[in-house]
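Q: Mind having a look at this structure? Questions to follow.
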Ligand code: GLV
């Protein structure tokens with residue numbers, strides 16, 4: 258059981274999201290504080306009954322977090338939290354799934370449009386004051402999305418919303434998800450992950466919106482990339498490790514696919530010396546797909562719902578992971 262409202266201490270741990278003022282507006286009377294870096298988190302994690310955290314989490318913190326009963330993840334992805342570690346300590350975990358559905362799906366669509374409309378090149382040319390001429394080569398010219406086939410890997414809330422957006426552009430949408438019986442939503446068809454490789458040759462665009470799990474780690478390997486059309490684009494709004502890094506480097510360097518739009522990388526922040534920065538036809542955004550000005554409020558809605566459930570002794574949390 259978590260302590261009653263008047264005895265509870267909440268710790269918000271994030272480098273940028275400013276939770277305390279947003280939480281104060283809700284007049285809960287709950288004692289809370291924010292830490293902005295790992296050092297302060299290390300010092301103060303022992304004070305927290307409830308931790309609201311994402312990228313700062315490391316499993317070693319569980320040892321120091323003597324009072325900890327519940328973690329509300331700030332992110333939709335929860336791959337950094339060791340399920341066994343938390344279970345062993347009796348700490349519950351809920352994801353923030355849903356908070357960034359619009360943001361990530363809109364970002365994925367932006368990456369698709371940016372590649373199809375050659376926006377990164379236009380921006381580079383603008384810096385050089387260069388007005389590029391029209392392109393005769395049909396393999397290189399700007400293109401339209403209607404009639405193109407989009408394969409979405411991960412047809413959860415985010416992938417499902419991306420399917421809706423893509424249908425508005427008259428694309429053909431093929432969804433791939435762990436449990437196809439969960440439905441196809443706006444997609445034209447839905448398939449199991451085991452069918453992905455056989456579907457890849459049809460794809461004009463492959464968009465990754467799946468969680469990082471044992472099943473999805475390295476899912477897009479050299480074999481998968483090798484099955485894509487030379488004209489195809491890969492969009493990664495999931496996790497860097499869903500794509501095999503060496504295979505991506507090789508694929509982009511050899512021009513085996515036409516473009517990559519990636520918001521996530523295996524190591525983040527992406528080290529300055531990483532070869533990914535300079536890959537041809539590759540457009541990188543710095544894990545900003547989920548960013549929205551509504552972020553803090555969206556997380557606080559889930560947090561408050563989960564606190565209410567914990568106080569009532571309900572077994573099931575919203576977005577429960579552990
Ligand atoms: C962002 O990547 C998230 O997991 O919410």
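Residue numbers (this note's numbering): 258 to 579.
All C-beta atoms, glycine included, are put in the ideal place defined by N, C-alpha and C.
Keep in mind it's a predicted model, so treat the numbers as computed, not measured.
So, for residue 291: in the same chain, excluding its five sequence neighbours on each side, which residues have a beta-carbon less than 7 angstroms away from its beta-carbon?
A: As a working mapping, residue 291 is identified with position 34 in the chain shown. The answer, listed in chain order, is 269, 276, 277.
Q: By DSSP, does residue 288 sit in helix, in strand, or in coil?
A: Translated into positions along the chain shown, residue 288 becomes position 31. If DSSP states are grouped into helix, strand and coil, residue 288 belongs with the strands.
Q: Measure the alpha-carbon distance for residue 285 versus residue 346 and round it to whole angstroms.
A: By one-based count along the chain shown, residue 285 stands at place 28. By one-based count along the chain shown, residue 346 stands at place 89. Looking at the backbone, the Cα of residue 285 and that of residue 346 are separated by about 27 angstroms.
Q: Return helix, strand or coil for residue 575, following the three-state DSSP convention.
A: For the purposes of this step, residue 575 is identified with residue 318 of the chain shown, where counting begins at 1. Coil at residue 575, not helix or strand.
Q: Mind checking which residues open and close the beta strand (DSSP E) that includes residue 448?
A: The residue given as residue 448 occupies position 191 in the chain shown. In the DSSP assignment, residue 448 falls within the beta strand (DSSP E) that extends over 446–449.
Q: Can you grab the Cα-Cα spacing for the pair residue 410 / residue 576, in whole Å?
A: For the purposes of this step, residue 410 is taken as residue 153 along the chain shown, with counting starting at 1. For the purposes of this step, residue 576 is taken as residue 319 along the chain shown, with counting starting at 1. Their backbone Cα atoms lie some 21 angstroms apart in a straight line.
Q: If you reduce the DSSP assignment to three classes, tell me which class residue 327 lands in.
A: On the chain shown, residue 327 is found 70 positions in, with the first residue counted as 1. Here residue 327 sits in strand by DSSP.
Q: Entirely within the segment 479–523 and at least 3 residues each: give me those beta strand (DSSP E) ranges in chain order.
A: 490–493, 516–519
Q: Which word fits residue 455, buried or exposed, when buried means at least 16 other C-beta atoms lie within 10 angstroms of its C-beta?
A: In the chain shown, residue 455 corresponds to position 198, counting from 1. Per the 10 Å Cβ criterion, exposed.
Q: Taking the beta strand (DSSP E) that residue 351 falls in, what are its first and last residues?
A: Sequence index remark: in the chain shown, residue 351 carries index 94 (1-based). From DSSP, the beta strand (DSSP E) with residue 351 extends over 349–351.
Q: According to the Cβ coordinates, are residue 329 and residue 351 closer than 8 angstroms?
A: Residue numbering aside, residue 329 sits at position 72 when the chain shown is read from its first letter. Residue numbering aside, residue 351 sits at position 94 when the chain shown is read from its first letter. Yes, the pair counts as a contact, with Cβ atoms nearer than the cut-off.
Q: With a threshold of 7 angstroms (Cβ to nearest heavy atom), would residue 351 be considered close to the ligand GLV?
A: Looking up residue 351 in the chain shown gives position 94. No, the Cβ of residue 351 stays beyond 7 angstroms of every heavy atom of the ligand GLV.
Q: How about the segment 526–541 and the segment 510–517: do they share at least three Cβ pairs that are nearer than 8 angstroms?
A: yes
Q: Would you report the Cα separation of residue 244 and residue 317, rounded to the nearest angstrom?
A: One cannot answer for residue 244 here, as it falls past the ends of the chain, which runs 258 to 579.
Q: Answer yes if the segment 455–474 comes into contact with the segment 489–501, meaning at least three C-beta pairs across the two stretches below 8 angstroms, and no otherwise.
A: yes
Q: Assuming the contact rule is C-beta atoms closer than 8 angstroms, residue 311 and residue 332 should be a hit. Round their C-beta distance to whole Å, please.
A: Position 54 of the chain shown, counted from the start, is the residue given in the question as residue 311. Position 75 of the chain shown, counted from the start, is the residue given in the question as residue 332. Contact between residue 311 and residue 332 holds, with the beta-carbon distance rounding to 4 angstroms and staying under 8 angstroms.
Q: Can you tell me the Cα-Cα spacing of residue 404 and residue 505, whole angstroms?
A: Position 147 of the chain shown holds residue 404. Position 248 of the chain shown holds residue 505. Distance between the alpha carbons of residue 404 and residue 505: 26 angstroms.
Q: Starting from the N-terminal side, write out each stretch of the alpha helix (DSSP H) that is 4 residues or longer and does not extend beyond the segment 341–388.
A: 358–373, 376–384
Q: Figure out for me which residue from 436, 320, 343 has the closest Cα to the Cα of residue 452.
A: Working through the chain shown from its first residue, we reach residue 452 at position 195. It is 436 whose Cα lies nearest to the Cα of residue 452.
Q: State whether the segment 565–572 contacts the segment 387–405, with contact taken as three or more CB pairs (one from each stretch) at a distance under 8 angstroms.
A: no
Q: Rounded to the nearest angstrom, how far is the Cβ of residue 499 from that of residue 469, given a contact under 8 angstroms?
A: Start at 1 with the first residue of the chain shown, and residue 499 comes out as number 242. Start at 1 with the first residue of the chain shown, and residue 469 comes out as number 212. With a Cβ gap of about 6 angstroms, residue 499 and residue 469 count as contacting.
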